[in-house]
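Participant: Structure incoming, see below.
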Ligand code: RIB
Ligand code: CA
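Numbering (our numbering), first residue to last: 240 to 545.
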């Protein structure tokens, strides 16, 4: 079977690092390009982390640096979750900077998409700034994008504010552009991320499994996305899991929009599961996940890494 061509846009980020390892070592994905975006920590740090991960994973996928600030709102970060470096807990080697393209992420994405013989899937697992800039700057790319499978949003409550999930909250205007683009969208939000848990006994298995498992174990000791003892949330791996094993998920095809003006609710993904707004569905929303099957898939996916 041909590998599915994808571009990952990311803000590593401990859960990003795990998702990237799974994607890069999957026999079913062709990761054409990885782009970085200001998110969990600033653009310099996430790009440095991405290059260190490429060295660690011993892969040659090109990396392009993207937006350093959201479109409109002031930057926020998640260093309280991922540590000051964005990937606290493991001493990575210094990166090989030759993988870093001179091109901006948006022009690199345009080139990869336009030149691809088959439609490309975009997999944003950070704030959507680069994706929004791409769609507004180069609308011609739409014809060769298969779908956008993103980690972000929530049908219920948030993790950054009462109602907003971090990737949407960090750049709500960008999210609004992406959700209203008309491109087929899959939203893997908190509803599934909160159930995609890795427990201490799983982390012990990872620690002794291979080099990647051992690295993940050490990152997990610092990761504050949940609790090491009661379950760590594999948010970004849910987007990769949807690509590789969609039957893990229950989905609802419905209308989703992004709140921009609410003083208390800016960045909320308003998921109209009951059709109250009489709008055409624009998103396949992941509303549930089989946590046992996810965990099995997750462990077996890490086993395929170096
Ligand atoms: O809300 C979870 C998301 O925010 C994940 O992508 C995590 O890496 C952070 O960016
Ligand atoms: Ca992320």
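Cβ coordinates follow ideal geometry from the N, Cα and C atoms, glycine included.
Could you check whether the Cβ of residue 404 sits closer than 7 Å to any heavy atom belonging to ligand 1?
Facilitator: One-based indexing of the chain shown puts residue 404 at position 165. Yes, since a heavy atom of ligand 1 falls inside the 7 Å radius drawn around the Cβ of residue 404.
Participant: Touching or not, the region 290-302 and the region 358-366, by the rule of three or more beta carbon pairs under 8 Å?
Facilitator: Short answer: they don't touch.
Participant: Say yes only if the C-beta of residue 325 is nearer than 7 Å to one or more non-hydrogen atoms of ligand 2, and no if none qualify.
Facilitator: Here residue 325 refers to the residue found at position 86 when the chain shown is read from its first residue. Not so, every heavy atom of ligand 2 lies at least 7 Å from the Cβ.
Participant: Are the beta-carbon atoms of residue 263 and residue 286 separated by less than 8 Å?
Facilitator: The residue labelled residue 263 in the question sits at position 24 within the chain shown. The residue labelled residue 286 in the question sits at position 47 within the chain shown. Their beta carbons are not under 8 Å apart, which means residue 263 does not touch residue 286 by this criterion.
Participant: Over what stretch of residues does the alpha helix (DSSP H) that includes residue 453 continue unbroken?
Facilitator: Against the chain shown, residue 453 aligns to sequence position 214. Residues 450-459.
Participant: Please classify residue 402 as buried or exposed, where buried requires at least 16 other C-beta atoms within 10 Å of its C-beta.
Facilitator: To locate residue 402, count along the chain shown from 1; it is residue 163. That one is buried.
Participant: Rounded to a whole number of angstroms, what is the C-alpha to C-alpha distance between residue 266 and residue 389?
Facilitator: The residue given as residue 266 occupies position 27 in the chain shown. The residue given as residue 389 occupies position 150 in the chain shown. Their backbone Cα atoms lie some 21 Å apart in a straight line.
Participant: Across which residues does DSSP place residue 546 in a beta bridge pair?
Facilitator: Summary: the structure shown does not reach residue 546, with the chain confined to residues 240 through 545, and so no result is reported for it.
Participant: Which class does residue 331 belong to by DSSP, given the choice of helix, strand or coil?
Facilitator: Working through the chain shown from its first residue, we reach residue 331 at position 92. Correct three-state label for residue 331: coil.
Participant: What's the C-alpha gap between residue 516 and residue 419?
Facilitator: One-based indexing of the chain shown puts residue 516 at position 277. One-based indexing of the chain shown puts residue 419 at position 180. Cα to Cα, residue 516 sits roughly 15 Å from residue 419.
Participant: State the beta-bridge partners of residue 404 as determined by DSSP.
Facilitator: Your numbering for residue 404 matches position 165 in the chain shown. Bridge partners of residue 404: none, in fact.
Participant: Note the first and the last residue of the continuous alpha helix (DSSP H) segment covering residue 314.
Facilitator: Start at 1 with the first residue of the chain shown, and residue 314 comes out as number 75. Premise fails: residue 314 is in no alpha helix (DSSP H) and is neither H nor E.
Participant: Would you please verify whether the beta carbon of residue 492 is less than 8 Å from any beta carbon of chain B?
Facilitator: Any reference to chain B falls outside this structure, which holds one protein chain only.
Participant: For the candidate residues 497, 483, 405, whose alpha-carbon lies nearest to that of residue 464?
Facilitator: Within the chain shown, residue 464 is the residue found at index 225, counting from 1. Closest option to residue 464, Cα to Cα, is 405.
Participant: Please say whether residue 455 and residue 353 have beta carbons closer to each other than 8 Å?
Facilitator: Position 114 of the chain shown, counted from the start, is the residue given in the question as residue 353. Position 216 of the chain shown, counted from the start, is the residue given in the question as residue 455. The answer is no: Cβ separation not under 8 Å.
Participant: Out of 439, 530, 416, which has the shortest C-alpha to C-alpha gap to residue 497?
Facilitator: For the purposes of this step, residue 497 is taken as residue 258 along the chain shown, with counting starting at 1. The candidate whose alpha carbon is nearest that of residue 497 is 416.
Participant: Please say whether residue 298 and residue 335 have beta carbons closer to each other than 8 Å?
Facilitator: Mapped onto the chain shown, residue 335 falls at position 96. Mapped onto the chain shown, residue 298 falls at position 59. No.
Participant: So what does DSSP say about residue 289, is it helix, strand or coil?
Facilitator: Taking the first residue of the chain shown as position 1, residue 289 is located at position 50. Reduced to three states, the DSSP call for residue 289 is helix.
Participant: For the beta strand (DSSP E) containing residue 363, list its first residue and its last residue.
Facilitator: What you label residue 363 is simply residue 124 of the chain shown in a count that begins at 1. Taken as a continuous stretch (DSSP letters only), the beta strand (DSSP E) holding residue 363 covers 359-363.
Participant: If we count Cβ pairs, one from each stretch, closer than 8 Å, do we get three or more for the region 392-399 versus the region 492-510?
Facilitator: Yes, since at least three Cβ pairs between the region 392-399 and the region 492-510 fall closer than 8 Å, the two stretches touch.
Participant: Is it the case that the Cβ atoms of residue 343 and residue 462 are separated by a distance below 8 Å?
Facilitator: Indexing the chain shown from 1 puts residue 343 at position 104. Indexing the chain shown from 1 puts residue 462 at position 223. Going by C-beta atoms, residue 343 is not nearer than 8 Å to residue 462.
Participant: For residue 323, which of 278, 432, 441, 488 has the nearest alpha-carbon?
Facilitator: Here residue 323 refers to the residue found at position 84 when the chain shown is read from its first residue. When each option's Cα is compared against that of residue 323, the closest is 278.
Participant: Going along the chain, which residues of its own chain have a beta-carbon closer than 6 Å to the beta-carbon of residue 397, five neighbours each way excluded?
Facilitator: On the chain shown, position 158 is the one that residue 397 refers to. Within the same chain, residue 397 has close Cβ partners 403, 404.
Participant: Would you mind sorting residue 411 into buried or exposed? The rule is 16 or more other CB atoms within 10 Å of its CB.
Facilitator: Indexing the chain shown from 1 puts residue 411 at position 172. The residue in question, residue 411, is buried, as its Cβ has 16 or more Cβ neighbours within 10 Å.
Participant: Give the DSSP-derived three-state secondary structure of residue 388 in the structure shown.
Facilitator: To locate residue 388, count along the chain shown from 1; it is residue 149. Strand, per DSSP.
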